[in-house]
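For the sequence shown, the working numbering puts the final residue at 1042, and the numbers step up evenly by one.
Comments concern the structure below.
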Amino acid sequence: MKASKQSGFVLVVGMLLLTVASGAVISGMSVNKYQERQAGNYVRTNNYEAGADEAFRRFERESWGEEVKAVVEKRLGGSEKGTIIFPREDDENWLPSGEREKRARERNGEEEQDEDGGDEDIKYAFTRAGIKEVVKLEGDRVKVVFWGEKRLSGYDENDASENNNGRDVLQAVYSINNDEQSGDEQPDGAYQNVLLGCEGVDASGGGVIDSYDSRDGKYGEGGNANKSNATIKSNSQESDIVLGTGKPVYGDVESAGRIIVGNSGTIHGDLKANDDIVINNGGADIQGDISSRGSVEMLNGGSVSGSILANRDVTINGGGAKVGGGISSRGAVTLKGGAVVGNILANRDVAIEGGGAEVGGGINSQGAVTLEGSTVLGSILSKLDVTINGGGAQAAGDVSSQMSVRLPDSGTISGNVVANTEIVTGSWSSRIGGNATAPKVHTTVNKRDVANQVGGTINLVSPDVAEAPEAPEASKVEVEQQSCEAFTSTTTKGATISDLIDALPDASSGSLSIGGGSQTYTLTPNGLQVSSDRNNNSVPNPERYKVSRDVPVDGIFPEPTNVLVLDSFSLGGSANFVVDGGDMTLYVKGDVDIGGGATFSVAEGSSLKIVTEEGRFNLGSNLNVASDSVTDDEGNPILSLYSAYDDEGASGWNAGVNITGASAFKGTIFAPYSTVNVAAGGGLYGAVKGRRVEVSGGAGIHYDEALMESTVGTGGGGDGDGGSGDNGDDNSSASGWSLEGLSYGNAD
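Okay, structure coming up:
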């Protein structure tokens, strides 16, 4: 029998089915392996995040975080934006591993792990936690990047595999107020400036403004005068400082608004403003630097020994004007006569005009540069055209322009000239002492060969001139971070004048009006004492004036005080009022008026605080302090005035605080809601802070440097009802770190 022929169809079908089955198996294995990897990555990511979360929590709450914060704060001030200020060499940026491993085991209910490793879940629980980096942001802000890293169980230091790499999964942005002090440290006291006007200072009259140190003796003795720590300051926008006393100022002038210098004597310090600085008088003499976030104008000459830095235009007008340093402007610079000894750097045009104008250094401009009959002794680099014009115009160094260089009218360049477009001479006498390099070098003068005007060689090529550098930004005047009523300028939690009023007793003994003949009235902790001579006594019932003994004013006054509360107080005639027997506070709810021929005195060894709430303070007579010093041994004022009265911006004789007596006022004034008008003929020895400060007459203002040690108002408002206490911000740590935001994800 003949065998049937086989075609192989079954074999082919079988092979196809086997191939499909094999593919399905392989695909399933791949999916399983992918899922395993995904699950592993998920577990690792969770543990990295858990490590980062733990690092953040312990950074906020434990000593490890405080140690890191202390390191960061030390490095913050000198760091540029974008700088990694932590960790650096030898910095410990990880949480202690042994403690974390112990905590992980306790959470998982595990005993000590054996030497072979143990459960993989425990390994992940041991993921190391810490800080990847702390990066400097704008101002006093930093970004802290927290991460977790699998480095504990079975980790090999030589293994650089991806599984051992950290994951920066949590980023926190903090603002740091280094002035918020903790522990035993205290912020600066209330009297760090001689004149602080929250809404401005007008010293258009008066005498010398300087500093001295009463710890070294009386003012003027043994050279104890004319020291340069008498800072004048304003701290709110549109708060101008006007100087026109005609007398010297020994100290810096810092304004959150403008500074206007009129008929002022020499200023032995720097001028710094967040707005314009205007020097009106040709006799003005600034011995330091000028820095403005606005413009700077010297309208009629004047002299600046240092440099000028401005965010807008700088204009110097007058042949006698002189700048001893350089000028840096993010706007334009115009010099109409006068001299600049150093370099000029500008982001816009520079114009040196007038036959006598001279720049001792070079000019770098991102705009155009024009010399009109003036001289530049250094080199010139400009992004736009450079024009040397006029018979006396001379550039003694090299000139480089990304555009063209032109000499239209007999100007002279002693050095080499390079330009990216062209070099043009427009006068028969135009002259280039060195080489001329540009794609085109020519003259507009008929029958004049430009080669005869160039002392060196002419190179008809493009030199590819580099761009001029950019001018730096002027720094901002640091102003107080809370309202004017706060005593200190270095903490947002400082006590205020309202806290002081709230802390004092409320029950009043009524009004006290003293006048008549030369009777003496003495205020002591025991009450008001009156002489037995009743003939000239204007206070028939002195026993009605009750003094509250040893009243604590926590966070404001360093020691308890004895308080007499009155509705109003007036002293006139030829009466004598003496404060004796310790520290006294005269709390007056209404007006205080001391005038006529009366004398108000603070005895040796005693001190007086005058507090007014809803009335004006007028001192038209003598208020004497027996002590030669303004302060006690701790730097706190012996005589101090605190006014909570709001005069709605009045000025002159209508001001809320008037100091007009013929004798000297030795003490401090704190009046955040009132203008303080100082016109005392004998001057003021101490310090003034007011809503606005006005100085007139012949009064000299002499800051006592001992007040820098004052602790008035530095206690954060105290623990009682009168204190400001904690601000209730749960995001603010004791060290002054305030959390602004959190985000997950890679820091890059």
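Beta carbons: idealized from backbone N, C-alpha and C, even for Gly.
This structure is a prediction, so every number in the text was calculated from the model and none was measured.
- Residue burial annotation: residue 947 is exposed, with fewer than 16 other C-beta atoms found within 10 angstroms of its C-beta.
- With distances taken between CA atoms, residue 718 lies nearest to 735 out of 725, 709, 706, 735.
- Here residue 634 is buried: its Cβ has 16 or more other Cβ atoms, across all protein chains shown, within 10 Å.
- DSSP lists 984 as the bridge partner or partners of residue 965.
- For residue 849, the number of other beta carbons within 10 angstroms of its own is at least 16, and it is reported as buried.
- Minimum Cα-Cα distance from residue 790 among the listed residues 882, 744, 991, 936 corresponds to 936.
- A distance below 6 Å between beta-carbons, with the five flanking residues on each side excluded, links residue 806 to the following residues of its chain, in chain order: 860, 863.
- For residue 902, the closest C-alpha among the options 910, 1031, 919, 846 is that of 919.
- Per DSSP, residue 793 is one residue of the alpha helix (DSSP H) stretching across 791-797.
- Judged by their CB atoms, residue 949 and residue 930 are not nearer to each other than the 7 Å cut-off.
- For residue 659, the secondary structure class from DSSP, reduced to helix, strand or coil, is strand.
- By the C-beta density criterion, residue 592 is buried, having at least 16 other C-beta atoms within 10 angstroms.
- Every beta strand (DSSP E) of 3 residues or more that sits fully in the stretch 863-892 is shown, in chain order, as 863-865, 870-873, 877-882, 886-888.
- Only buried fits residue 561, as 16 or more other CB atoms lie within 10 angstroms of its CB.
- Closest option to residue 652, judged by alpha-carbon separation, among 729, 378, 621: 621.
- Annotated as proximal: residue 489 and residue 982, with beta-carbon spacing under 7 Å.
- The Cβ atoms of residue 353 and residue 366 lie no closer than 7 Å to each other.
- Straight-line measurement puts the Cα of residue 606 at about 9 Å from the Cα of residue 641.
- Remark: C-beta atoms of residue 468 and residue 1036 do not approach each other more closely than 7 Å.
- Within the same chain, and ignoring the five residues on either side of residue 898 in sequence, the residues whose Cβ sits closer than 7 Å to its Cβ are 920, 921.
- A contact between stretches requires three or more CB pairs, one per stretch, nearer than 8 Å, and the stretch 544-564 meets this requirement with the stretch 523-536.
- The shortest CA-to-CA distance from residue 782 to any of 356, 492, 954 is the one to 492.
- With distances taken between CA atoms, residue 994 lies nearest to 973 out of 973, 698, 984.
- DSSP, read as helix, strand or coil, puts residue 440 in strand.
- A direct Cα-to-Cα measurement between residue 673 and residue 693 gives close to 6 Å.
- Under the DSSP assignment, residue 640 falls in the beta strand (DSSP E) whose first and last residues are 638-640.
- With a threshold of 16 other beta carbon atoms within 10 Å, residue 630 meets it and is buried.
- Residue 598 is not a Cβ neighbour of residue 541, given a cutoff of 7 Å.
- Within its own chain, the residues whose Cβ lies closer than 6 Å to the Cβ of residue 822, once the five positions on either side in sequence are excluded, are 836, 839, listed in chain order.
- Residue pairing from DSSP places residue 430 in a beta bridge opposite 436.
- Residue 303 counts as exposed, since fewer than 16 other C-beta atoms from the protein chains shown sit within 10 angstroms of its C-beta.
- Within the same chain, Cβ atoms closer than 6 Å to the Cβ of residue 709 are found at 691, 692, 728, the five residues on either side in sequence being excluded.
- For residue 363, the enclosing alpha helix (DSSP H) begins and ends at 357-370.
- The continuous beta strand (DSSP E) containing residue 996 extends over residues 995-998.
- Its Cα nearest to that of residue 933, the residue 874 stands out among 968, 969, 874, 887.
- As far as DSSP is concerned, residue 1007 takes part in no beta bridge.
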